[in-house]
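Q: In the numbering used here, the protein residues as written are 5 to 117. Using N, Cα and C, we set each Cβ at its ideal position, and we do this for glycine too. Take a look at this one; I'll ask things after.
As structure tokens, this is what we get:
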């Protein structure tokens, strides 16, 4: 259910290069990870399009994450309560699994109801 193809980038990557790569892939955000794919931050919206030189300069640190074992129902409720449209899914070690969109989870839940 989580989109494992969400773009990733490294701390030292140039923000201008990232923005072009992310847009070309059809995304509007990039997850900043280390060499082990541990999530360090998130670049989206203005941060992705801003004037910062590198991902490290522009990223939002400590994005909200959930673990793969959390049920879709609980995830949807949590996202709705926080007025969020998406959340990063990570392992207990913080490694990126993917990005889960609330709309996708709601569709899946309604299909099995």
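Pop quiz: residue 104 and residue 6 are said to be a contact at Cβ under 8 Å. What is the actual Cβ separation, rounded to whole angstroms?
A: Contact holds; Cβ gap of about 5 Å.
Q: Tell me whether residue 86 is buried or exposed, calling it buried when 16 or more other Cβ atoms sit within 10 Å of its Cβ.
A: Its Cβ having fewer than 16 others within 10 Å, residue 86 is exposed.
Q: Out of 113, 27, 33 and 21, which one is the CA nearest neighbour of residue 91?
A: Here the closest residue by C-alpha is 33.
Q: When the distance is taken between beta carbons, is residue 61 closer than 9 Å to residue 14?
A: No; because the gap between Cβ atoms is not below 9 Å, this pair is not in contact.
Q: Just tell me which of 64, 41, 43 and 72 has its CA closest to the CA of residue 50.
A: Residue 50 has its Cα closest to that of 64, out of 64, 41, 43 and 72.
Q: What residue range does the alpha helix (DSSP H) around residue 49 cover?
A: Looking at the DSSP string, the run of the alpha helix (DSSP H) that includes residue 49 is 49 to 53.
Q: May I have a chain-ordered list of the beta strand (DSSP E) segments no shorter than 3 residues that lie completely inside the region 39 to 114?
A: Complete beta strand (DSSP E) runs here, min 3: 43 to 48, 90 to 94 and 100 to 105.
Q: Locate the beta strand (DSSP E) running through residue 37, then write down its first and last residues.
A: Taken as a continuous stretch (DSSP letters only), the beta strand (DSSP E) holding residue 37 covers 33 to 37.
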